[in-house]
Amino acid sequence: MPEDPEDVVAIIQPFVPGYRRPLFDAIDEELRQHGLRLEVWHDFPKGRVAARGNADSGPWSVPIKQRRISIGRRNITYRGVARRARRVRAVVAGLASTNIETYALALDPKVRLMLWGHGRNFTASTNGLDTKIETWLARRSSHLFTYTDEGKQFVVSQGTPAGKVTVVVNSTDTRSLRQVRDATTSADSAELRREYGLERSRVALFIGAFDAPKQLPFLFDAMDLVVKSHPDLVLVLAGAGPESDAVRDLAHSRSYARFIGRLESRELARFSTITDLVVMPGRIGLVAVDALGLGLPIATTNYPFHAPEAAYLQADIDSLWTEFDVSSYAQGVSDLLAQPHYLEGLRAGARAKGDQYSVEATAERFVEGILQGLES
Numbered sequence: 001m002p003e004d005p006e007d008v009v010a011i012i013q014p015f016v017p018g019y020r021r022p023l024f025d026a027i028d029e030e031l032r033q034h035g036l037r038l039e040v041w042h043d044f045p046k047g048r049v050a051a052r053g054n055a056d057s058g059p060w061s062v063p064i065k066q067r068r069i070s071i072g073r074r075n076i077t078y079r080g081v082a083r084r085a086r087r088v089r090a091v092v093a094g095l096a097s098t099n100i101e102t103y104a105l106a107l108d109p110k111v112r113l114m115l116w117g118h119g120r121n122f123t124a125s126t127n128g129l130d131t132k133i134e135t136w137l138a139r140r141s142s143h144l145f146t147y148t149d150e151g152k153q154f155v156v157s158q159g160t161p162a163g164k165v166t167v168v169v170n171s172t173d174t175r176s177l178r179q180v181r182d183a184t185t186s187a188d189s190a191e192l193r194r195e196y197g198l199e200r201s202r203v204a205l206f207i208g209a210f211d212a213p214k215q216l217p218f219l220f221d222a223m224d225l226v227v228k229s230h231p232d233l234v235l236v237l238a239g240a241g242p243e244s245d246a247v248r249d250l251a252h253s254r255s256y257a258r259f260i261g262r263l264e265s266r267e268l269a270r271f272s273t274i275t276d277l278v279v280m281p282g283r284i285g286l287v288a289v290d291a292l293g294l295g296l297p298i299a300t301t302n303y304p305f306h307a308p309e310a311a312y313l314q315a316d317i318d319s320l321w322t323e324f325d326v327s328s329y330a331q332g333v334s335d336l337l338a339q340p341h342y343l344e345g346l347r348a349g350a351r352a353k354g355d356q357y358s359v360e361a362t363a364e365r366f367v368e369g370i371l372q373g374l375e376s
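Shown next as structure tokens:
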């Protein structure tokens, strides 16, 4: 290691999504209690990712350039951070075989490398070569961070010592969400209903990126069936992304649907006061944390490529799970809406678990792992 590295821990990111800023603020605050500070080295999104409209930055931001090329269906990324990495106490990079600069960092004796990722590939079919590369990277790192116990168990099964892995439990800023929700008055909720024409409606909310993994055509096909039994139900679509135009067209062709675009965190918290359930048949990610934090039940499916955060949900406790086919999902949602006690039970289950997830707790676990890695 360098004789006098800066008291900086750097995290490399493609870009900073808005939902990540509270976590990085909390990590920085936690690090400063130990005489360290955070830098986040990141670029800004382009193309389809930029269409989500959720990029952010913070006082810890250090802009870098990244180059990306596509080889078949794979996106290969390179960031020129080698010199910068030698000047800091540690670099936390993504655990991904497609980040070429990480190979050089892993081989550089002057760099203390830590890795942050899913542990295994949850969101696509497993590739044997990727697993071998990521296992090699993990073995050369001083510490590893995963979102779930399942991710940790996988990397341990591949040879990484269990004591070298911290499960951070991913989160959004749920405390702020709950504060805004609790400050929303009945008059505020009534005004929201009037604004969106929901005065006499039950509300099923989709919240997230408008992209292929979210299975939005599937959702519309299912809701076409659900509203036959529940004509008072309105599907509200909140989000942005590369499929926004297609989703808007699908919504406008259905009297039961409302396309409202992106909801920022405060708006989501207020909207939760008029929402009966969250409908997400496709990929579940951090929406699981938002829903639990706000006490909202989720209706989802056994979609094969959920993100790790789907593990935070428990079927029949805080969420409804069906087979991944339109008729099963439609029947499940319809039955749930027809059973108020069941729906309220899921809502109570979500509320009971909501306090388990916060960026403050995630940051604390993250920094504990960083300190362990610095001592190794």
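In UniProt numbering, the protein residues as written are 1 to 376. Cβ coordinates follow ideal geometry from the N, Cα and C atoms, glycine included.
Rounded to the nearest whole angstrom, the CA to CA distance from GLY295 to PHE271 is 12 Å. Runs of beta strand (DSSP E) with 3 or more residues, each lying fully within the region 10 to 54, are found at 37 to 42, listed in chain order. In chain order, VAL155, GLN158, GLY159 and THR160 place their CB closer than 8 Å to the CB of THR135, counting only its own chain and leaving out the 5 sequence neighbours on each side. Sequence-distant Cβ neighbours of THR184 in its own chain, meaning closer than 8 Å and more than five residues away, are ALA269, ARG270 and THR273. The Cβ neighbour count for GLU195, taken over all protein chains shown within 10 Å, is under 16; the residue is labelled exposed. Pairing ARG79 with ARG20, the inter-Cα distance amounts to about 20 Å. In the structure shown, the three-state DSSP call for GLU375 is helix. Beyond the five residues adjoining it in sequence on each side, GLN215 comes within less than 6 Å, by CB distance, of PRO281 and GLY282 in the same chain, given in chain order. In the three-state reduction of the DSSP assignment, SER70 falls in the strand class. The alpha-carbon of TYR312 is positioned some 24 Å away from that of ALA240. When the alpha-carbon of TYR357 is set against those of VAL81, PHE24, THR301 and THR174, the nearest one is in THR174. Between PHE305 and THR146, the C-beta spacing is not below 8 Å.
Membership of SER334 in the alpha helix (DSSP H) is indicated by the continuous run 326 to 337. Counting only residues of its own chain and dropping the five nearest sequence neighbours on each side, THR275 has a CB closer than 7 Å to the CB of VAL203, LEU205 and LEU296. Distance from the Cα of SER253 is smallest, within the candidate group HIS230, ASP221 and GLU267, for ASP221.
Three or more beta-carbon pairs drawn from the region 23 to 32 and the region 55 to 62 are found closer than 8 Å, and the two stretches are therefore classed as touching.
In this structure, the straight-line span from the alpha carbon of GLY35 to that of LEU233 is close to 53 Å. Distance from the CA of GLU150 to the CA of GLY208, rounded to the nearest whole angstrom, comes to 24 Å. Pairing GLY261 with ALA238 gives a Cβ-Cβ distance under 8 Å.
THR131 sits in a helix when the DSSP states are folded into three classes. Residue pairing by DSSP leaves MET223 without any beta bridge partner. Within the DSSP secondary-structure output, VAL236 pairs in a beta bridge with LEU205 and ARG258. As computed with DSSP, VAL278 is found in a beta bridge with LEU205 and ILE298. Within the DSSP bridge table, the entry for GLU6 names VAL88 as partners.
Under the 10 Å beta carbon count, SER334 is surrounded by 16 or more other beta carbons and is classified as buried.
DSSP places SER61 in the uninterrupted beta strand (DSSP E) bounded by 61 to 63. A check of alpha carbon separations from PRO17 across MET114, LEU113, ARG52 and GLY197 identifies ARG52 as the nearest. Secondary structure at TYR78: strand, using DSSP grouped into helix, strand and coil. Distance from the Cα of VAL40 is smallest, within the candidate group ARG74, ALA90 and ARG68, for ALA90.
Bridge pairing for PHE145: TRP116 and THR166 [DSSP].
Taking VAL236 as reference, the option from GLU264, ALA307, PHE218 and LEU277 with the minimal CA-CA separation is LEU277. With respect to the C-alpha of THR131, the residue from ALA162, SER97 and SER141 having the closest C-alpha is SER97.
DSSP, read as helix, strand or coil, puts SER176 in helix. Under the three-state reduction of DSSP, THR322 is assigned to strand.
Residue pairing by DSSP puts GLY94 in a beta bridge opposite TRP116. Here ASP56 carries a strand assignment [DSSP, helix/strand/coil].
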